[in-house]
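Shown next, in structure tokens, is the structure this report addresses.
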Amino acid sequence: MAMLKNLSALTILLAITIALLPRATFATVGIPDCAKGVTSDCGFGFFKIIVLGDTSAPTGECCRQLVKAGKNCHNQFVESIVSSRKPIRGTISDVYRRSNETWNNCSATSFVSPPKPAH
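Heads up: the sequence shown is residues -27 to -1, 1 to 92, going by mature numbering (1 follows the signal peptide of the UniProt record, and there is no 0).
Shown next, in the form of structure tokens:
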């Protein structure tokens, strides 16, 4: 019985913690200017998928926003999260793998031309 109470308390604490997590999005401080066109909802969705290991797929609109921002911008976002030492699910290699999977899936399904690379 005591273990069940502890488990319930832990579950509630986890739910509160997740609900109160700052929305780590492209629009927050430290996120590259190139990502200003990515909404906070899409940015938070990408954060959950890439960093927290959420298995849901981004919406088509979020993918269009990501591809429009460009691969370099996407990589800058991921690097800013990795270098911030925020808690992640799995290893840093897992974050990079999920990042690449997300980019590849979005770029394959979005009919938006990414920005040309700066020289």
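Glycine residues also receive a C-beta, built at the ideal position from the N, C-alpha and C atoms. No experiment lies behind these values; they were computed from the predicted model shown.
Integer Cβ distance of V11 from V68, believed to fall under 8 Å: Going by Cβ atoms, the distance from V11 to V68 rounds to 18 Å, so no, they are not a contact pair.
Cα-Cα separation between V51 and F84, rounded to whole angstroms: 23 Å
Spatial distance of V55 from I22 (CA atoms): 14 Å
Contact belief for C36 with T82 at Cβ below 8 Å, rounded distance in angstroms: 6 Å
Cβ-based neighbour list, N48, same chain, cut-off 7 Å, excluding 5 preceding and 5 following: none
Own chain residues within Cβ distance below 6 Å of C15, not counting five before or after: C35 and Q38
Counted within 10 angstroms of its Cβ, other Cβ atoms place T28 as buried (16 or more) or exposed: exposed
Other residues of its chain near P5: CB distance less than 8 Å, five sequence neighbours each side excluded: F(-2), C46, Q49, F50 and S53
Spatial distance of V40 from C79 (CA atoms): 7 Å
Nearest-angstrom Cα separation, counted from R70 out to A30: 15 Å
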